[in-house]
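Comments concern the structure below.
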Amino acid sequence: MQQEIVLRISNLHTNFYTNMRCNKVLKGVSLEVERGKTLCIVGESGCGKSVTAASVMRLLPDLARIESGEIVLYDEGREIHIEALDKYGKSMSDLRGSKIAMIFQDPMSALNPVYSIGFQIIEMIKRHTKISASIAKEKAVSLLREMGISSPETRIKDFPHQFSGGMRQRAMIAMAMSCEPKLLIADEPTTALDVTVQAQIFSLMEKLKKEHGTAVMMITHDMGVVAEMADDVVVMYMGYIVERGSVQQVLKNSTHPYTVGLMRSIPMIGKGKKQKLQPIRGCTADPYDTSPGCPFVTRCDFSIQLCHECIPEESTVSGNHKVRCHNPIQKGAVDART
Amino acid sequence: MQEREVVLEISGLKTYFPIKTGIFKRTSGFIKAVDGVDLKVFKGETLGIVGESGCGKTTLCKTIVMLNSACEGKILWHDDEFGSIQLPTKDKKQLKHIRNRIQYVFQDPQSSLNPAFTVFGAMDDALKVNGVKSRKERRQIVCDLLRSVNMREDALDLYPHEFSGGQRQRIGIARALCVKPELLICDEAVSALDVSIQAQVLHLLCDLKNRLGLTFLFITHSLSVVEYISDRIAVMYLGRIVELGDTDDLFQNMFHPYTQALRSAVPVVDDSQRTTRILLSGDVPNPADPPPGCAFHERCWRCMPECKVETPKLRSYKVNDKDYYVACHEVHEKLKDKENETNGNK
Chain A
0 MQQEIVLRIS
10 NLHTNFYTNM
20 RCNKVLKGVS
30 LEVERGKTLC
40 IVGESGCGKS
50 VTAASVMRLL
60 PDLARIESGE
70 IVLYDEGREI
80 HIEALDKYGK
90 SMSDLRGSKI
100 AMIFQDPMSA
110 LNPVYSIGFQ
120 IIEMIKRHTK
130 ISASIAKEKA
140 VSLLREMGIS
150 SPETRIKDFP
160 HQFSGGMRQR
170 AMIAMAMSCE
180 PKLLIADEPT
190 TALDVTVQAQ
200 IFSLMEKLKK
210 EHGTAVMMIT
220 HDMGVVAEMA
230 DDVVVMYMGY
240 IVERGSVQQV
250 LKNSTHPYTV
260 GLMRSIPMIG
270 KGKKQKLQPI
280 RGCTADPYDT
290 SPGCPFVTRC
300 DFSIQLCHEC
310 IPEESTVSGN
320 HKVRCHNPIQ
330 KGAVDART
Chain B
0 MQEREVVLEI
10 SGLKTYFPIK
20 TGIFKRTSGF
30 IKAVDGVDLK
40 VFKGETLGIV
50 GESGCGKTTL
60 CKTIVMLNSA
70 CEGKILWHDD
80 EFGSIQLPTK
90 DKKQLKHIRN
100 RIQYVFQDPQ
110 SSLNPAFTVF
120 GAMDDALKVN
130 GVKSRKERRQ
140 IVCDLLRSVN
150 MREDALDLYP
160 HEFSGGQRQR
170 IGIARALCVK
180 PELLICDEAV
190 SALDVSIQAQ
200 VLHLLCDLKN
210 RLGLTFLFIT
220 HSLSVVEYIS
230 DRIAVMYLGR
240 IVELGDTDDL
250 FQNMFHPYTQ
260 ALRSAVPVVD
270 DSQRTTRILL
280 SGDVPNPADP
290 PPGCAFHERC
300 WRCMPECKVE
310 TPKLRSYKVN
320 DKDYYVACHE
330 VHEKLKDKEN
340 ETNGNK
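Which chain is which? The protein sequence lines are A and B, in order.
Sequential numbering from 0 applies to the first sequence in numbering that gives the first Met the number 0.
Sequential numbering from 0 applies to the second sequence in numbering that gives the first Met the number 0.
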């Protein structure tokens, strides 16, 4: 069966104009999110994963501009070109929340502290649907109940500070799911939470994905989260997608030196002191660096002369598994960490 | 088994923070951040402290370095020079000595380094106080320190904003090392760093431990990091230690239900390491008003009637011929025969 694509980003370039300089944050990002699937974007801080999400939501700051590329949302046979919409316009704000919803990293700063949780959810429902206030309230209560918040009838009047971190994030998800969006963007939804709460949130997101067929685009830096949640993975480095494919392909048969390096630098549970961590040397390059080669070349152990000269094009490893590297690591050439 | 030298001994430590309400700031209750902790730190070991946020791991360590004051209990520092010092102490000589012996690396290197001081400036005073008179000598010491944390010497006269996060954390470590401490407390020292940088700092810490024979108290919420770096692990829940043992034993056994739940909640890359997920309901209870009995009983799936009434003591058992501590009624039923004779004087 042909999978239904919800969002397609092709060759997206986003620049930030600061201090008379142009910081190219996204340098040609292409990805697709399918219905009922989770796409995880992994990368270190500053690699452009959040900017990708903000470009889709058109929530970029004023000094940023989408330079070129396409962001297309497929909605019941219609193609909506998000990049062509006015970011302050009505059609964009109709999309935000109803077709695409977003969960932010820190629920405390994403929720308005002076309005009750219920008010904020109801406001969202009323903005996007034509239903009466009382029905909207019922819907908000049932949403909160679905998220596993006990006695939602009373908690709906509570303010964000009266909720715990995990509950706030649940309220955020309730709000995001209130209009049954096609696409849910989760920007590090559990980074600020404890692992036990994180497990609760993930099982909730998994359930929602199954029940509503929502496509999820999740941004994270935790490889464990990727392995557990994702169907497809995109690895980003300095504004490029360096490797993408299904979870199996990317995590088990990583071919890009950066992905391999990432996998080797995380301590794995259950292996104790026997494991050897191999950190990636150096640190991320200066974003203003304009040398012609691959951005990873200074930290790469597998670089060849060509890497210093030009940026590699994306090549296919197998099927959907694509890598952007001149000298990809062949399968089996480097032993997996024991 | 050879008796190991104890450097730090904590017994019955309680740190409460008062809750003040009303216009007269009357104390209406206490937040029991640390509620009776017994702990021994052996020389040369890395003791990892894990737990969720709000379980009191940071408060415990801040109490050790006298940034918080304890309400009850004893902290003893054992040392060749002074014998044993009870903390907190008012004696100036002892205080100076202790501050040189115990150092603290903070979580966020951005906020723990003073932006107005250069790297050298940040360590200069500490060296001056410790009697290094000549400026040239001091610069040399800082240079050596920077080299030992794998940084270039020309970093000496740069300001914190000129470094990346990983480098700043290394400066934080170098600063802690400049008084040649014996015990280094790392409070979430790698949590704020990217994974590739995190591995670099973990490497550095392991290397320093081997080279300088340091003792580490390593606070973290990440089980995989703590498993990698520690010799022994203490799991905390709501101000108490619920399980304590050798890293390998602890990961093999995991007697306490909370430890099991914590372990199962960690997302893992390797499928073979995946365990059935135990989903805990609800949140950590309010430390100002902990439930009666075992603090974990409301979320525990192995809860017995007595758990709701009586707080379980941290009992010592023999597992693989090593001391192993668990505070749980249900586990006690199972391990009764392995219980240590010497229970009580841990």
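Note that the Cβ used here is the ideal one computed from N, Cα and C, for glycine as well.
> Got a sec? Which residues, its chain only, sit under 6 Å from Val241 of chain B by beta carbon, not counting five neighbours each side?
Replying inline: Val234, His255, Tyr257 and Ala326
> Just curious, the beta strand (DSSP E) that Asn10 of chain A is in, first and last residue?
Replying inline: Ile4 to Thr17
> Taking DSSP as the reference, what is the three-state secondary structure of Thr337 of chain A?
Replying inline: Residue placement at Thr337 of chain A is flagged as unreliable, the pLDDT there being 36, under the threshold of 50; the coordinate-derived value follows with that caveat. The answer is coil: DSSP assigns Thr337 of chain A none of H, G, I, E or B.
> Buried or exposed: where does Ser54 of chain A fall if 16 or more other Cβ atoms within 10 Å of its Cβ makes it buried?
Replying inline: buried
> Relative to the alpha-carbon of Asn67 of chain B, which residue among B:Lys73, B:Ser229 and B:Leu59 has its alpha-carbon at the smallest distance?
Replying inline: B:Leu59
>> For a test of the three-state rule: what should DSSP assign to Asn319 of chain B, helix, strand or coil?
In response: coil
> Would Ile165 of chain B count as contacting chain A if we go by Cβ distances under 8 Å?
Replying inline: Note on residue identity: the sequence assigns Gly, not Ile, to residue 165 of chain B. It does: the Cβ of Gly165 of chain B has a partner Cβ on chain A nearer than 8 Å.
> Taking only runs of the beta strand (DSSP E) that begin and end inside the region 57-85 of chain A, which ones reach a length of at least 3 residues, in chain order?
Replying inline: The region 57-85 of chain A contains these whole beta strand (DSSP E) runs: 63-74 and 77-80.
>> Against Phe254 of chain B, what residues of chain A qualify as contacts under a CB-to-CB distance less than 7 Å, listed in chain order?
In response: The premise fails here: Phe254 of chain B is roughly 17 Å from chain A at the closest Cβ pair, so nothing lies under 7 Å.
> Hey, quick one: how far does the beta strand (DSSP E) through Lys23 of chain A stretch, first residue to last?
Replying inline: Arg20 to Glu33
>> Is Cys345 of chain A close to chain B? Criterion is C-beta to C-beta, closer than 8 Å.
In response: The displayed coordinates of chain A run from 0 to 337. Any statement about residue 345 of chain A would go beyond what the structure contains.
>> Helix, strand or coil for Met267 of chain A? Go by DSSP, reduced to three states.
In response: coil
> If we ignore side chains and look at the alpha-carbon of each, how far apart do Asp320 of chain B and Ser44 of chain A end up?
Replying inline: 45 Å
>> Determine, for Pro278 of chain A, whether the minimum Cβ-Cβ distance to residues of chain B falls below 8 Å.
In response: yes
> Is the beta carbon of Val194 of chain B sitting closer than 8 Å to the one on His220 of chain A?
Replying inline: A Cβ-Cβ contact shorter than 8 Å links Val194 of chain B with His220 of chain A.
> What's the C-alpha gap between Lys31 of chain B and Thr37 of chain A?
Replying inline: 41 Å
> Comparing alpha-carbon positions, which option in A:Lys136, A:Ile65, A:Gly223 and A:Ile130 lies nearest Cys21 of chain A?
Replying inline: A:Ile65
>> Could you compute how far the alpha carbon of Leu251 of chain B sits from the alpha carbon of Arg262 of chain B?
In response: Strictly speaking, residue 251 of chain B in this sequence is Gln, with Leu absent from that position. Going by the C-alpha atoms only, they are around 11 Å apart.
>> Considering only the alpha carbon of each residue, which of A:Met222, A:Cys178, A:Leu58 and A:Glu78 lies closest to Lys129 of chain A?
In response: A:Cys178
>> Does the CB of Ile265 of chain A have a neighbour CB from chain B at under 8 Å?
In response: yes
> What are the residues of the region 169-187 of chain B that lie near chain A, defined by any Cβ-Cβ distance shorter than 7 Å?
Replying inline: none
> Taking a cut of 8 Å between CB atoms, which residues from the region 32-57 of chain B lie near chain A?
Replying inline: Among the residues of the region 32-57 of chain B, those with a Cβ less than 8 Å away from any Cβ of chain A are Glu51 and Ser52, in the order of the chain.
> Grouping DSSP H, G and I as helix and E and B as strand, with all else coil, what is Tyr257 of chain B?
Replying inline: Looking at Tyr257 of chain B - three-state DSSP - the assignment turns out to be helix.
>> With a threshold of 8 Å between beta carbons, is Thr51 of chain A in contact with chain B?
In response: no
> How would you label Thr14 of chain B, buried or exposed, when you count the other beta carbons within 10 angstroms and need 16 or more for buried?
Replying inline: buried
>> Considering just the uninterrupted stretch of the alpha helix (DSSP H) at Cys205 of chain B, what are its terminal residues?
In response: Val194 to Leu211
> Taking three-plus beta-carbon pairs below 8 Å as touching, is the region 69-76 of chain A in contact with the region 132-144 of chain A?
Replying inline: no
> Contact check, Asp37 of chain B vs Ile74 of chain B under 8 Å by CB: the rounded distance?
Replying inline: No, Asp37 of chain B and Ile74 of chain B are not in contact; Cβ-Cβ is about 11 Å, not under 8 Å.
> How long is the line joining the alpha carbons of Lys26 of chain A and Ala264 of chain B, rounded to whole angstroms?
Replying inline: 36 Å
> Ile240 of chain A CB to nearest chain B CB: under 8 Å?
Replying inline: no
> Hey, quick one: how far does the beta strand (DSSP E) through Arg243 of chain A stretch, first residue to last?
Replying inline: Tyr239 to Ser245
> What is the C-beta distance between Arg100 of chain B and Leu46 of chain B, in whole angstroms, given that I count them as a contact (C-beta under 8 Å)?
Replying inline: No, Arg100 of chain B and Leu46 of chain B are not in contact; Cβ-Cβ is about 16 Å, not under 8 Å.
> Got a sec, what are the start and stop residues for the alpha helix (DSSP H) Arg154 of chain A sits in?
Replying inline: Pro151 to Arg154
>> On the CB-based measure, 16 or more other CB atoms within 10 Å of its CB, does Lys48 of chain A come out buried or exposed?
In response: By the Cβ neighbour-count rule, Lys48 of chain A is buried, with 16 or more other Cβ atoms within 10 Å of its own.
> Out of curiosity, what's the CA-to-CA distance linking Lys95 of chain B and Val178 of chain B?
Replying inline: 11 Å
>> In this structure, how does DSSP classify Tyr236 of chain A when only helix, strand and coil are distinguished?
In response: strand
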